[in-house]
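Q: Dropping the structure in here first, questions after.
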Ligand SMILES: [Zn+2]
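In this note's numbering, the protein residues as written are 1266 to 1790.
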């Protein structure tokens, strides 16, 4: 995602610039690969989809009432997905997860949901305790980075300490069963809340963060970040992450949801053969991840749909989807949920929403859909309209550390607290916000001063505010879906960001209008 902030040496630094050069390294004259054998008989003149319900088919979707207790079944032993309501294609669901070591029980995950990224299972400058217990934050799930935990302190240590939940040292009362939270609310006043963890595969960061990395069929080779003066030809200095290693690390960490190692190519790279290879390899690596997964009864392994920006009939996204459909429908794989990957890497917004739309139309309606790396508030509204459930991105927390607060109002809906205008502004970041800074009346002027003097308290307060903003956004979206009023919510949100649109102007970008129209929630006039 675009961010004009100075390059920080921050482990959360995402995406596109770094990724481009490195993927080019791997692309050298990759031969065009034939279709995988299991796809040879697929009819690619039809769109790929499976287990679809209304509004995608004539079959009514079986709704589950709010508050229904989970039932874990053999085909999905660690995840129970309840759909409560649809508004257009937007879904209000609850994901129930099996508890992990260190968790007395798991906390129901209401969706749509945004997952803050805690590199080592913990956000910078923000204790997990605050993240899960502060009523304005009350995050039910945090994303941890396998790569960072594998490098330091090492996942074997995390495992020895009883998994990441226990490693974080939370008292059992915090992560336990003292209170029965209402599964249908995100914000709650109880002081004891368990929370869930999701870990990524580690592959993406090895490609995006490490200067020298190389992808082969075996896995991702990368430079050991603690070893200086290495080069790609010096095999002894390289570390290798295979699908089996990624799963072993993630089994050690013990997150409730873990991700398959996929072959990620920058969405803006122009190398057709490289994309074809990556799409097919993602399927092969998924098979190896499934075979290596030692805790399928408690940890949920999500495969990732790849295929670049190609949504043509028989194209690469279709091939990847057909590969997963074959595994789920024909081979009987237990696939508890799906991720949509390879986006938010600098492609046009028009390409972006069309791929999201395409994947949501294909993927089964009775499983959660996780759109990876997406965290701009406007993108969340649009992609929720298209049918996505889960999101993660470093943007809200990273931009907070540069003094940028997320606020309602004109696009992009940000307030630069370091800006001169804030120096004498006595108001809070956002009226009515429940975060610590806003509820305690800490002024923009004080935050401005703290930021200007590099006081870490400022970063902490703005981080809390931005997470509170994201949690409020997903809660409001969910409530509007439950009331079947998502179109009104989306219209209001878009008009707030693009006020000229309300006066009959044409301020709202075409991609937003087109995506919402495709989603069936077209902007209300
Ligand atoms: Zn606030």
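We put the CB at the ideal spot given by N, CA and C, even for glycine.
No experiment lies behind these values; they were computed from the predicted model shown.
Taking 6 Å as the limit, name every residue whose beta carbon sits nearer than that to some heavy atom of ligand 3, in sequence order.
A: In the structure on display, ligand 3 does not appear, and the ligands it does have are ligand 1.
Q: In angstroms, rounded to a whole number, what distance separates the CA positions of residue 1401 and residue 1733?
A: Indexing the chain shown from 1 puts residue 1401 at position 136. Indexing the chain shown from 1 puts residue 1733 at position 468. Rounded to whole angstroms, residue 1401 to residue 1733 spans 5 Å at the Cα level.
Q: Pull up the distance between the alpha-carbon of residue 1627 and that of residue 1411, whole angstroms please.
A: One-based indexing of the chain shown puts residue 1627 at position 362. One-based indexing of the chain shown puts residue 1411 at position 146. Straight-line measurement puts the Cα of residue 1411 at about 29 Å from the Cα of residue 1627.
Q: From residue 1542 to residue 1700, what does the alpha carbon distance come to, in whole angstroms?
A: Counting from 1 along the chain shown, the entry for residue 1542 is found at position 277. Counting from 1 along the chain shown, the entry for residue 1700 is found at position 435. Cα to Cα, residue 1542 sits roughly 46 Å from residue 1700.
Q: If you draw a straight line from the C-alpha of residue 1665 to the C-alpha of residue 1648, how long is it?
A: In the chain shown, the residue the question calls residue 1665 occupies position 400. In the chain shown, the residue the question calls residue 1648 occupies position 383. If you draw a straight line from the Cα of residue 1665 to the Cα of residue 1648, it comes to about 23 Å.
Q: Would a check of beta-carbon distances place residue 1768 closer than 8 Å to chain D?
A: Of the chains in the structure shown, none is chain D; there is only one protein chain.
Q: Residue 1564: buried (16+ other C-beta within 10 angstroms of its C-beta) or exposed?
A: The count along the chain shown starts at 1 and reaches residue 1564 at position 299. The residue in question, residue 1564, is buried, as its Cβ has 16 or more Cβ neighbours within 10 Å.
Q: What are the boundary residues of the beta strand (DSSP E) that residue 1409 is part of?
A: Within the chain shown, residue 1409 is the residue found at index 144, counting from 1. Residues 1406-1409.
Q: Does DSSP classify residue 1488 as helix, strand or coil?
A: As a working note, residue 1488 is residue 223 in the chain shown. Strand, per DSSP.
Q: Excluding five sequence neighbours on each side, which residues of the same chain lie with their C-beta closer than 7 Å to the C-beta of residue 1468?
A: Here residue 1468 is taken as the residue at index 203 of the chain shown, counted from 1. Excluding residues within five positions, the ones whose Cβ falls inside 7 Å are 1485, 1506, 1511, 1526, 1527 and 1529.
Q: Excluding the 5 residues flanking residue 1695 on each side, which residues of the same chain have their C-beta closer than 6 Å to its C-beta?
A: Locating residue 1695 in the chain shown gives position 430, where the first residue counts as 1. Cβ within range, chain order: 1672 and 1703.
Q: Here's the rule: buried if 16 or more other CB atoms are within 10 angstroms of the residue's CB, otherwise exposed. What is residue 1373?
A: Position 108 of the chain shown, counted from the start, is the residue given in the question as residue 1373. Burial call: buried.
Q: Using the C-alpha atoms, what's the distance from residue 1735 back to residue 1678?
A: Translated into positions along the chain shown, residue 1678 becomes position 413. Translated into positions along the chain shown, residue 1735 becomes position 470. If I take the Cα positions, the gap works out to 12 Å.
Q: Going straight from the alpha carbon of residue 1489 to that of residue 1513, what length do you get?
A: Residue 1489 sits at position 224 when you count from the first residue of the chain shown. Residue 1513 sits at position 248 when you count from the first residue of the chain shown. Each residue's Cα considered, the two are about 19 Å apart.
Q: Here's the rule: buried if 16 or more other CB atoms are within 10 angstroms of the residue's CB, otherwise exposed. What is residue 1781?
A: Stepping through the chain shown from its first residue, residue 1781 is reached at position 516. That one is buried.
Q: Measure the C-alpha to C-alpha separation of residue 1441 and residue 1419 and round it to an integer number of angstroms.
A: Against the chain shown, residue 1441 aligns to sequence position 176. Against the chain shown, residue 1419 aligns to sequence position 154. Bear in mind that the predicted position of residue 1441 carries a pLDDT of just 43, short of 50, making it too unreliable to give a figure here.
Q: Who are residue 1660's beta bridge partners in DSSP?
A: Sequence index remark: in the chain shown, residue 1660 carries index 395 (1-based). Beta-bridge partners of residue 1660 (DSSP): none assigned.
Q: On the DSSP bridge list, what partners appear for residue 1464?
A: Here the question's residue 1464 lines up with position 199 in the chain shown. BP columns for residue 1464 point to 1409 and 1523.
Q: Kindly give me the distance between the Cβ atoms of residue 1346 and residue 1633, rounded to whole angstroms, as I take these residues to be in contact under 8 Å.
A: Taking the chain shown and counting its residues from 1, one reaches residue 1346 at position 81. Taking the chain shown and counting its residues from 1, one reaches residue 1633 at position 368. Correct: roughly 6 Å between the Cβ atoms.
Q: Run through the DSSP bridge pairs and tell me what residue 1655 is partnered with.
A: If you number the chain shown from 1, residue 1655 lands on position 390. Note: residue 1655 sits in a beta bridge opposite 1378 and 1635.
Q: Since residue 1349 contacts residue 1339 with CB under 8 Å, what's their CB separation in whole angstroms?
A: Walking along the chain shown from the start, residue 1349 turns up at place 84. Walking along the chain shown from the start, residue 1339 turns up at place 74. Not really, about 24 Å apart at Cβ, beyond 8 Å.
Q: I need the straight-line Cα distance from residue 1620 to residue 1584, nearest angstrom please.
A: Stepping through the chain shown from its first residue, residue 1620 is reached at position 355. Stepping through the chain shown from its first residue, residue 1584 is reached at position 319. Computed Cα separation, rounded: 13 Å.
Q: Near residue 1719, which residues of its chain fall below 7 Å by C-beta distance, leaving aside the five closest residues on each side in sequence?
A: Stepping through the chain shown from its first residue, residue 1719 is reached at position 454. Result list for residue 1719: empty, nothing under 7 Å.
Q: Along the alpha helix (DSSP H) that carries residue 1717, what are the first and last residues, could you check?
A: Position 452 of the chain shown, counting from 1, holds the residue named residue 1717. 1709-1717 is the span of the alpha helix (DSSP H), which, as asked, contains residue 1717.
Q: So residue 1819 is in the beta strand (DSSP E); what residue range does that whole segment cover?
A: Nothing about residue 1819 can be read from this structure; the chain reaches only from 1266 to 1790.
Q: With 16 as the cutoff for other CB atoms within 10 Å, does residue 1725 come out buried or exposed?
A: Counted from its first residue, the chain shown places residue 1725 at position 460. Counting Cβ neighbours within 10 Å, residue 1725 comes out buried, since at least 16 surround it.
Q: Can you give the Cα-Cα distance for residue 1306 and residue 1587, rounded to whole angstroms?
A: Taking the first residue of the chain shown as position 1, residue 1306 is located at position 41. Taking the first residue of the chain shown as position 1, residue 1587 is located at position 322. So the two alpha carbons sit approximately 11 Å from each other.
Q: Mind checking whether residue 1572 and residue 1595 have CB atoms under 8 Å apart?
A: In the chain shown, counting from the first residue as 1, residue 1572 sits at position 307. In the chain shown, counting from the first residue as 1, residue 1595 sits at position 330. Contact flag unset, no.
Q: With burial defined as no fewer than 16 other Cβ atoms inside 10 Å of the residue's Cβ, what is the status of residue 1481: buried or exposed?
A: Indexing the chain shown from 1 puts residue 1481 at position 216. Exposed, by the Cβ-count rule.
Q: On the criterion of 16 or more Cβ atoms from any shown chain inside 10 Å, does residue 1324 qualify as buried, or is it exposed?
A: Here the question's residue 1324 lines up with position 59 in the chain shown. Per the 10 Å Cβ criterion, exposed.
Q: Tell me the rounded alpha-carbon separation between residue 1355 and residue 1746.
A: Here residue 1355 refers to the residue found at position 90 when the chain shown is read from its first residue. Here residue 1746 refers to the residue found at position 481 when the chain shown is read from its first residue. The straight-line gap from Cα to Cα measures roughly 7 Å.
Q: Express the C-alpha separation of residue 1548 and residue 1641 in angstroms, rounding to a whole number.
A: On the chain shown, residue 1641 is found 376 positions in, with the first residue counted as 1. On the chain shown, residue 1548 is found 283 positions in, with the first residue counted as 1. When rounded, the distance between both Cα atoms is 29 Å.
Q: To the nearest angstrom, how far is it from the Cα of residue 1342 to the Cα of residue 1561?
A: Sequence index remark: in the chain shown, residue 1342 carries index 77 (1-based). Sequence index remark: in the chain shown, residue 1561 carries index 296 (1-based). If you take the alpha carbons of residue 1342 and residue 1561, they lie about 8 Å apart.
Q: Less than 6 Å between C-beta atoms, sequence neighbours within five positions excluded: which residues of the same chain meet that for residue 1378?
A: Position 113 of the chain shown holds residue 1378. Cβ neighbours of residue 1378 beyond the five flanking positions: 1655 and 1739.
Q: For residue 1431 and residue 1537, I'd like the C-alpha separation in whole angstroms.
A: Residue numbering aside, residue 1431 sits at position 166 when the chain shown is read from its first letter. Residue numbering aside, residue 1537 sits at position 272 when the chain shown is read from its first letter. Roughly 45 Å between the two C-alpha positions.
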